[in-house]
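Chemist:
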Amino acid sequence: MSLPSAPAAPACEPRPSSGRPVVQLLLGRYLADQPLEHIRCVAQTRQRRRCPRSVLSPHAPAGLWRLLPATAHRGQLALPAAPMAVYDLSRLPYAEQLRWRTQRCPAHAAADGAADLP
Ligand SMILES: [Zn+2]
162 MSLPSAPAAP ACEPRPSSGR PVVQLLLGRY LADQPLEHIR CVAQTRQRRR CPRSVLSPHA
222 PAGLWRLLPA TAHRGQLALP AAPMAVYDLS RLPYAEQLRW RTQRCPAHAA ADGAADLP
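Read in order, the letters of the sequence shown correspond to residues 162 to 279 in my numbering.
1) Tell me whether residue 269 counts as near ligand 1, meaning its Cβ is closer than 7 Å to at least one heavy atom of that ligand.
2) Regarding residue 214 and ligand 1, is the C-beta to nearest heavy atom distance less than 7 Å?
3) Taking residue 248 as the reference, which of 195, 210, 224 has the closest Cα?
4) Under the DSSP definition of a beta bridge, which residues are partnered with residue 255?
5) In terms of residue numbering, what span does the beta strand (DSSP E) encompassing residue 227 cover?
Below is the structure:
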């Protein structure tokens, strides 16, 4: 059994070379604590086990890797603003962005979406 490998991104798409990916959604940016394809759904199955599926799904609308300017902080030295690779979900439907924020796979987003609303 071999581990699934991430699909190769086209050369024109920026990807984070190392470290944690940044995801942009719902007017905010979130720093993921692991590669996107490893982010698992937080829902529990009926057997009280954590859902094994990942949030990133080939069956759901995909975000877009973009190079965006890193937010500059006042008072810092004028370093060249290094753009950072951001997985931009801001053009996806609201429900999709909510699914990412609540860290659910597509199946559990459909089942539990209403319960996650404030
Ligand atoms: Zn799930």
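Just so it is clear, CB atoms sit at the ideal spot from N, CA and C, and this is done for glycine as well.
Modeler: Let me spell this out:
1) yes
2) yes
3) 224
4) Paired residues: none, contrary to the question.
5) 225-230
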